[in-house]
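Peer 1: Sharing a structure here in structure tokens format.
Protein chains: 4
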Amino acid sequence: MTSLAEQPAAAAGGAVAGASGPDIARLVMWCQDRPGIVASVASFLHRNGANIVQSDQYSSDPTGGRFFLRVEFHLPAAAARLAALERAFATEVAAGLGAQFRLRDNAVRSRAALFVSRYDHCLLDLLWRERRGELPIQTVQVVSNHENLRTDVASFGVPYEYIPVTRDTKAEAERRELELLRGRVDLIVLARYMQVLSSDFLARCGVPIINIHHSFLPAFAGRRPYERAKERGVKLIGATAHYATEDLDEGPIIEQDAVRVSHRDSVAELTRRGADIERTVLSRAVTWHCQDRVLLDGGIAVVF
Amino acid sequence: MTSLAEQPAAAAGGAVAGASGPDIARLVMWCQDRPGIVASVASFLHRNGANIVQSDQYSSDPTGGRFFLRVEFHLPAAAARLAALERAFATEVAAGLGAQFRLRDNAVRSRAALFVSRYDHCLLDLLWRERRGELPIQTVQVVSNHENLRTDVASFGVPYEYIPVTRDTKAEAERRELELLRGRVDLIVLARYMQVLSSDFLARCGVPIINIHHSFLPAFAGRRPYERAKERGVKLIGATAHYATEDLDEGPIIEQDAVRVSHRDSVAELTRRGADIERTVLSRAVTWHCQDRVLLDGGIAVVF
Amino acid sequence: MTSLAEQPAAAAGGAVAGASGPDIARLVMWCQDRPGIVASVASFLHRNGANIVQSDQYSSDPTGGRFFLRVEFHLPAAAARLAALERAFATEVAAGLGAQFRLRDNAVRSRAALFVSRYDHCLLDLLWRERRGELPIQTVQVVSNHENLRTDVASFGVPYEYIPVTRDTKAEAERRELELLRGRVDLIVLARYMQVLSSDFLARCGVPIINIHHSFLPAFAGRRPYERAKERGVKLIGATAHYATEDLDEGPIIEQDAVRVSHRDSVAELTRRGADIERTVLSRAVTWHCQDRVLLDGGIAVVF
Amino acid sequence: MTSLAEQPAAAAGGAVAGASGPDIARLVMWCQDRPGIVASVASFLHRNGANIVQSDQYSSDPTGGRFFLRVEFHLPAAAARLAALERAFATEVAAGLGAQFRLRDNAVRSRAALFVSRYDHCLLDLLWRERRGELPIQTVQVVSNHENLRTDVASFGVPYEYIPVTRDTKAEAERRELELLRGRVDLIVLARYMQVLSSDFLARCGVPIINIHHSFLPAFAGRRPYERAKERGVKLIGATAHYATEDLDEGPIIEQDAVRVSHRDSVAELTRRGADIERTVLSRAVTWHCQDRVLLDGGIAVVF
């Protein structure tokens, strides 16, 4: 089975009402650090008529580390010329540096599937931001193991697939999910989806998966985290958005934030404040991912 | 051996340049919740000529919970009358409610010993705030297992005792510490003191101990926490001030805070930002403790 | 013309899914400060079988200031007994103190009208929080001088009235608004309503009006504030929720917050971040107002 | 009269215990934006043996805006080679682009004079951070119009000059200040210096001046700002660090931050919290300035 993203992202089409304007594209690239990388990339872009408008780079170590680059550039008729530019960059620059790279038109949105269970706060915030043009995604499918959010999702004009999951039906449910999404998505967002995805699913889906979960100081693994945070009298509660990996809740961290709470807050109030911080952190993480601002240095997410 | 605080706190004397003005005192009280507690306390204060200027209360559960109260009141000639008021309150109010309580003149500062190892940031911030009149403590002694901060402390006019600690001398060192502080302090602050105090010390010292330590999302127990936070790519680092108990780093949490960091921050920079947040959190925790704003509901610190 | 709120709030009915549970009511009271107020109130509640579960008080000055009190209490069969308790409190306590007060069942929600122009972020956040049971209001009417949000509002089941406003029709539009809302609301929320209400409207509507507007350091009065913030290179943008008064944008401040921005943020991005902080600040302010947590000390909003 | 900074900064010598390590230098450059700038700079550095380890750039507008660049690079034997590199860069790159630039060894600290009146919080925080090696400055002189901080400053080993200022002696005082500092400093920091510097002083001193002042939402110009913030019931207080210009308090903003306050905070407490935020904001601004992270785009401070 091939990746869910087998069809080109561009097929999803549609311009984002973003700040970037037309004819803006981006290059992200990573390789072993060595002198001359920036000169090589910048010269390539210059002689192809591209003007760099924003650039971020990071080296994990000045001597012998890994190098990461993200460049936004203005290129007249970018949409028509990007495929040729990609081929040229591969042979003229990337091959010599042993670099991996992605080259994308900023106007093309990522196609996303949103997985959700019962809680609506993360899901609705993503759909609402997409509709406002704040989020460079196009949600092509919502998948839920519950029925309760069907009407809400319908008002955004997005298909809703109810796929219940029990211990016995989990393998079959995951098979249906993969079938449903095959070739249609570039990204899966777990917007408070309370089922653990199998390592088989992770291996076969072929697209990045972003998850959101609560975070506390100190951390509480396991069940009923807000009850335990209450019992411990924590003064901060937070949320962490990360890529899903086989080590549950241990994938690279994209974004975190926290808010103050007090002994007066009931478990219900802690949960409510947690929901506010979860939706904020997840929408930032999804935005940055879809803008190719997140590059992986082993287990560290470099966020430009 | 009796508590370090065997002599009355008032003996340390000295007015705090605080916001409260003269003739302000405070009552803190805790007991099983039941109807009429506030009425009983308020009536007592009223008929004794005290005018309540601030009041906080908390019930862990409206039916059958624990009740906590903190009241600040204006009482003409408070200093002279507080001892009699305390005796009257014990018999007229507290006995009937099965309540424990403390009654203190706001003008009297807590006597503190500050324990420190090599890092100066928490220690100097506390001493500086005390000198400015921001912190209602009187530091009577600094204890360190290193010599390096002696000159800094001298400039604040505070005695500095060097008590080195090795595995073999630890028991003797703790004996010296208890001897040095006996009857002189109301509070011990571990201002980045890197030695674990024995349960024997905790049991014998007889005064509260406030500790500060780094906190991360997720948490990293053990050694080299900033290195591990770097390896994990965390986006927030924090600090927690808590009462020291036998479960190391597990005592009731008084205050927490966190700041944003990024992949660009080196371990040195993470440590520096950690120092900033540690000194801020510790000074808040010490202030609130010394204002009797922190009451314990089992393992939860109720902070008024 | 009488106040918009001429019918009793209780008529709007409906329990809030709040943290407070059943049989919880609240008393808010304000008067000249003097000794014995708390004792008087607490004794009254005690002898009427009410158990105080939360209490906040504030005195603008211990000697001769204004006194403010908010008490939540548990009272068996609160709904049935509150009217009689109110009459008793008026004669037995408030009259003697020269105090004003409100006594309300926590289960009764405030009836609100939301005014909006073109921007949806504040409006949708309030409606969504109301639907989740987070916000103790019942929105009975949306009023807009534009048509564009009609469909969104319909999905929440709330009536939407389009009342266009031009310079020539403003007086007539305000007359229609007052007519539409008469006797139906306890609160008007200006959720990014870009029309200035006349002082005549303010005088006649008879209910509090909460407004939200952007805030900057330094402040930029007048038009195009985000453009001007961009030109000035501000590093923080904020929002302020306040009661509307005749001095435009100068009413008592209920809540404020701010977020960091940088030179990289375009005017569009500043506006977007401003929208996020506006909706957060407004929903807090409305929640606190509807919980009777906001009392006025002249031009200062005391927020318990 | 020539600039205070007439002697080269390098004369102040001394390595900073920074994160950067040895042989790290930085280039900052600004010019009209046009295609190929990054390629030109990167190629120059590459052929001179420098390896870029961090790079930030900003264009005020992709078409026709101003371009700003800051690059940190590793260069073997940087200290010995920087002067030659500077000459080569001027002719080979900057001249053709019409660019202005600075090229500096990261190991060289800026020489600073700190001006202060009576409040110690900003001054002591800067001196303490310098001593810890957190701040890349070398304070060569403290100037004050009061005597009260002399002892504190002496403990850091920094000369303290008392220059009183009255309306009649102001011109003479400024003349003494300029004389005292001539050729000795790269930067003046107004660390709560309550005298307004004349435009003549600003014109003649020839080095940047960083100022800190309180900020509120809304803003309160003029005297007694904390009293007025109290009267207005603000919920946030902040601080702004900016370059001093002839328009008092209107120079380019380098950094801002804010903290929450409430109606309970007295004017004294507001002032205390204001002091905390002022020292934090000022130390960040000074650090960034001394790392050449702050470039001016007209009235906007671009902070890399």
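Chains as they are written, first to last, in the numbering used here: chain V, 52 to 355; chain E, 52 to 355; chain C, 52 to 355; chain X, 52 to 355.
Glycine is no exception: its CB is placed at the ideal position from the N, C-alpha and C atoms.
Small disclaimer: the values here were computed from a predicted structure and weren't measured.
(1) Going by Cα to Cα distance, which pick from E:Gln246, E:Arg153, E:Leu154, E:Ala222 is closest to E:His197?
(2) Measuring CB to CB, does X:Val240 end up less than 8 angstroms from X:Ala163?
(3) Measuring alpha carbon to alpha carbon, tell me which of X:Leu231, X:Val194, X:Arg283, X:Glu278 ends up nearest X:Arg243.
(4) In the structure shown, what three-state DSSP assignment does C:Phe152 receive?
(5) Report the residue from E:Asp112, E:Val89, E:Leu136, E:Phe95 whose alpha carbon sits nearest the alpha carbon of C:Ser434.
(6) Could you give the distance in angstroms between the alpha-carbon of C:Arg335 and the alpha-carbon of V:Phe267?
(7) Suppose the cutoff is 6 angstroms on Cβ atoms and the five residues either side in sequence are ignored; what does the same chain contact list for X:Thr322 look like?
(8) Per DSSP, what kind of secondary structure is E:Gly147 in: helix, strand or coil?
(9) Exposed or buried, V:Ala280, counting other C-beta atoms within 10 Å across all chains shown (16 or more means buried)?
(10) For E:Met52, count neighbouring C-beta atoms within 10 Å of its own C-beta (all shown protein chains included) and say buried if the count is 16 or more, exposed if not.
(11) For V:Tyr213, which beta-bridge partners are listed by DSSP?
(12) Out of curiosity, what's the CA-to-CA distance linking V:Ala70 and X:Ser250?
(13) With a cut-off of 8 angstroms on the beta carbons, I'd call V:Pro86 and X:His172 a contact; round off their distance for me.
(14) List in chain order: all unbroken beta strand (DSSP E) runs of 3+ residues lying wholly within the stretch 260 to 301 of chain C.
(15) Is DSSP giving X:Asp348 helix, strand or coil here?
(16) Nearest-angstrom Cα distance between C:Leu186 and C:Asn157?
(17) Quick check on X:Gly325 - is its C-beta less than 8 angstroms from some C-beta in chain V?
(18) Just to confirm my understanding: we take E:Leu126, look at its own chain, exclude 5 residues before and 5 after, and list those with CB closer than 7 angstroms. What are they?
(19) Roughly how many angstroms separate the alpha carbons of C:Arg153 and E:Phe207, rounded to a whole number?
(20) Kindly indicate if chain X contains any beta-carbon less than 8 angstroms away from that of C:Leu241.
(21) Can you find the residues in the same chain that come closer than 8 angstroms, C-beta to C-beta, to V:Val310, ignoring five residues on each side of it along the sequence?
(22) What does X:Arg117 pair with, by DSSP beta-bridge criteria?
(23) Please determine, among C:Leu231, C:Tyr170, C:Asn262, the residue with the shortest C-alpha to C-alpha distance to C:Glu306.
(24) Which stretch, first to last residue, makes up the alpha helix (DSSP H) that contains X:Val310?
(25) Who are C:Gln246's beta bridge partners in DSSP?
(26) In this structure, what does DSSP give as the bridge partners for C:Ser161?
(27) Is the CB-CB distance between V:Arg235 and V:Val191 below 8 angstroms?
(28) With the cut-off set at 8 angstroms, would you say E:Arg330 and E:Arg121 are in Cβ contact?
(29) Can you tell me the Cβ-Cβ gap for C:Ile260 and C:Ala295, rounded? I've got them flagged as a contact below 8 angstroms.
(30) Provide the residue(s) that pair with C:Gln105 in DSSP beta bridges, ordered along the chain.
(31) Leaving aside the five residues before and after X:Ser110 along the sequence, list all residues of the same chain whose C-beta is less than 8 angstroms from its C-beta, in chain order.
(32) Taking Cβ-Cβ distances shorter than 8 angstroms, what residues in chain C pair up with V:Glu198?
(33) Could you list which residues in chain V have their beta carbon closer than 7 angstroms to that of C:Glu185, in chain order?
(34) By Cβ distance below 6 angstroms, which residues in the same chain neighbour V:Cys341 in space, the five residues on each side in sequence not counted?
(35) Taking a cut of 9 angstroms between CB atoms, which residues from the stretch 305 to 323 of chain V lie near chain E?
(36) Going by beta carbon distance, what residues of the same chain come within less than 8 angstroms of X:Phe124, once the five residues before and after it are set aside?
Peer 2: So, from the listed chains and residues:
(1) E:Gln246
(2) yes
(3) X:Val194
(4) strand
(5) Outside the modelled stretch of chain C, which goes from 52 to 355, sits residue 434 of chain C, for which no answer is possible.
(6) 23 angstroms
(7) Tyr277
(8) helix
(9) buried
(10) Per-residue confidence for E:Met52 stands at a pLDDT of 36, beneath the threshold of 50, marking its modelled position as unreliable; no derived number is given.
(11) V:Ser195
(12) Confidence is the limiting factor: at V:Ala70 the pLDDT is only 39, short of 50, which leaves the residue's position unreliable and the question unanswerable from this model.
(13) V:Pro86 to X:His172, Cβ: 45 angstroms. No contact.
(14) 260 to 267, 287 to 294
(15) strand
(16) 12 angstroms
(17) no
(18) Asp74, Ala76, Gly100, Ala101, Arg132
(19) 53 angstroms
(20) no
(21) Leu287, Ile288, Gly289, Arg324, Asp327, Ile328
(22) X:Gln83
(23) C:Asn262
(24) Per DSSP, X:Val310 belongs to no alpha helix (DSSP H); it is in the beta strand (DSSP E), 304 to 311.
(25) Per DSSP, none; premise fails for C:Gln246.
(26) C:Ile188
(27) yes
(28) no
(29) 4 angstroms
(30) C:Glu123
(31) Asp84, Gly116, Arg117, Phe118, Phe119
(32) Those do not exist, as V:Glu198 stays about 17 angstroms from chain C at its closest Cβ, beyond 8 angstroms.
(33) Arg323
(34) Ser161, Pro187, Ile188
(35) Ile305, Glu306, Gln307, Asp308, Ala309, Arg311, Ser313, His314, Arg315
(36) Ile75, Ala76, Arg77, Leu78, Leu96, Ala101, Asn102, Ile103, Val104
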